[in-house]
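Asks:
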Amino acid sequence: MAQRTTLIAGNWKMNASGEMAEVLTDGLKAWAGKPGVEMLVCPPFPYLGPVGAMIAESDIKLGAQTCHANASGAHTGDVAAEMLADLGCSYVIVGHSERRADHGETDSDVCAQAEAAHRAGLCAIVCVGETEAERDEGATLSVVTDQLAGSLPEGSPATSLVVAYEPVWAIGTGRTPTNNDVQDVHAAIRGLLCERFGNEIGNGVRLLYGGSMKPTNAEGLLALQDVDGGLIGGASLKAEDFIGIADA
Ligand code: PGA
């Protein structure tokens, strides 16, 4: 069976200040580490440089929350994957449901961003997940299947791709699917990846669960067979909680 390093990723979203970023990063540096567990922080763009400098000598990885598909050009306010790599990022989240909702990003936009990440040598964390209405209609698997089909670039190496399953209704709400439901969706995603990219890549890609993960529910979620880590929003803003999840 493929050995997959657990990835505990903090998505700070549009939170923190310069001071808070410093205090939080300092707190995270106290993490003793755990064999087979990788810790990643994804601060807002303005704090990538300072946070990156603070964690340069540690095992903590740096990532961004989105990138533009192009390497350069007339795209006011956007940031290229190459610039993120330049700043020391090794990961970038693409297609988060908040990007899809706030900026109208489509599956093909997300696919282009993931391609850009690969072009720049970054690992793309591609997010998918159903809304509450879609879940109520029993459409979870078909929604996730369609999103994956449209959002994943061809020829993604397993080491450059992570898929995050984030039910939209579980994000920031304190609600989560049952562990069984999470495992069912993750197993389906694993099956789709194997079908499309072959078993070696499909079994090598890490699948993160995201949506109200916290120290109290992390152990159960992270113990699931096809859950290889978490994408954590709210609980990544407190060093104690985030470390608690990484240790779970
Ligand atoms: P949450 O966010 O942990 O605050 O629910 C997760 C995410 O949106 O990545």
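Just so we're on the same page, the numbering used here is the position in the sequence shown counted from 1, plus 893.
The beta-carbon is built from N, C-alpha and C at its ideal position, and this holds for glycine as well.
Since this is a predicted model, take the numbers as computed values, not measurements.
Could you check if Ala902 is buried or exposed, using at least 16 other CB atoms within 10 Å of its CB as the buried criterion?
Replies: Label assigned to Ala902: buried.
Asks: Within a Cβ cutoff of 7 Å, which residues of the same chain sit near Gly1127, ignoring the five residues on either side of it in sequence?
Replies: These residues qualify, in order along the chain: Gly1065.
Asks: What is the rounded straight-line gap between the Cα of Ala973 and the Cα of Gly920?
Replies: When rounded, the distance between both Cα atoms is 29 Å.
Asks: According to the neighbour-count rule (16 or more other Cβ atoms, all chains shown, within 10 Å of its Cβ), is Val916 buried or exposed?
Replies: Label assigned to Val916: exposed.
Asks: Return yes when the Cβ of Ala957 is within less than 8 Å of the Cβ of Phe938, no when it is not.
Replies: In this structure, Ala957 lies closer than 8 Å to Phe938 by Cβ.
Asks: Could you name the residues that DSSP lists as bridge partners for Tyr1058?
Replies: The partner list for Tyr1058 (beta bridge, DSSP) reads Val1021 and Tyr1102.
Asks: Do Leu1124 and the ligand PGA come close, with the Cβ less than 7 Å from some heavy atom?
Replies: Yes, since a heavy atom of the ligand PGA falls inside the 7 Å radius drawn around the Cβ of Leu1124.
Asks: Is there at least one non-hydrogen atom of the ligand PGA closer than 7 Å to the beta-carbon of Ser1044?
Replies: No, the ligand PGA has no heavy atom inside 7 Å of this Cβ.
Asks: Does the stretch 1083-1100 come within contact of the stretch 982-993, defined as at least 3 CB pairs closer than 8 Å?
Replies: Not touching, per the Cβ criterion.
Asks: Is any non-hydrogen atom of the ligand PGA found closer than 7 Å to the C-beta of Gly988, if you look at the structure I gave you?
Replies: Result no, Cβ not under 7 Å from the ligand PGA.
Asks: For the alpha helix (DSSP H) holding Leu1117, just list the boundary residues, first then last.
Replies: Element bounds for Leu1117: n/a, residue is neither H nor E.
Asks: Does DSSP classify Gly1126 as helix, strand or coil?
Replies: Of the three classes helix, strand and coil, the one that applies to Gly1126 here is coil, per DSSP.
Asks: Using CA coordinates, which residue listed in Asp1000, Val1036, Ser1053 and Thr1024 is at the minimum distance from Arg1068?
Replies: Of the candidates Asp1000, Val1036, Ser1053 and Thr1024, the one whose C-alpha sits nearest the C-alpha of Arg1068 is Thr1024.
Asks: Please find out if some non-hydrogen atom of the ligand PGA comes closer than 7 Å to the beta-carbon of Ala1128.
Replies: Ala1128: yes, Cβ under 7 Å from the ligand PGA.
Asks: For Asn904, is the beta carbon positioned less than 7 Å from some heavy atom of the ligand PGA?
Replies: Yes.
Asks: Taking the alpha-carbon positions, what's the Ser965 to Ala1013 distance?
Replies: Between Ser965 and Ala1013, the C-alpha separation is close to 12 Å.
Asks: Could you say which of Glu1059, Ser1035, Glu1047 and Leu1015 lies nearest to Ser1053 if we only look at CA atoms?
Replies: Selected option, being the one with the closest Cα: Leu1015.
Asks: Which residues bound the alpha helix (DSSP H) around Met947?
Replies: That run of the alpha helix (DSSP H) goes Leu941 to Ile948.
Asks: Identify the residues that DSSP records as bridge partners of Cys935: which are they?
Replies: The partner list for Cys935 (beta bridge, DSSP) reads Asn904.
Asks: Identify, in the order they occur along the chain, each residue of the same chain with its Cβ nearer than 7 Å to the Cβ of Gly1104, setting aside the five sequence neighbours on each side.
Replies: The answer, listed in chain order, is Glu1059, Pro1060, Ala1063, Ile1064 and Thr1069.
Asks: Label Asn904 either buried or exposed according to how many other C-beta atoms from any shown protein chain fall within 10 Å of its C-beta, with 16 as the threshold for buried.
Replies: Buried, since its Cβ has 16 or more Cβ neighbours within 10 Å.
Asks: Please list, in chain order, all residues of the same chain as Lys1107 whose beta carbon is under 6 Å from its beta carbon, the five residues on each side excluded.
Replies: Closer than 6 Å at Cβ, skipping near neighbours: Ala1128.
Asks: Does His1079 pass the burial test, meaning 16 or more other C-beta atoms within 10 Å, or should it be called exposed?
Replies: The residue in question, His1079, is buried, as its Cβ has 16 or more Cβ neighbours within 10 Å.
Asks: For the ligand PGA, is there a heavy atom less than 7 Å away from the beta-carbon of Met932?
Replies: Checking the Cβ of Met932 against the ligand PGA gives no.
Asks: DSSP three-state call for Val1036: helix, strand or coil?
Replies: Helix, per DSSP.
Asks: Here's the rule I'm using: 16 or more other beta-carbon atoms within 10 Å means buried, otherwise exposed. How should His996 be labelled?
Replies: With fewer than 16 other Cβ atoms within 10 Å, it is exposed.
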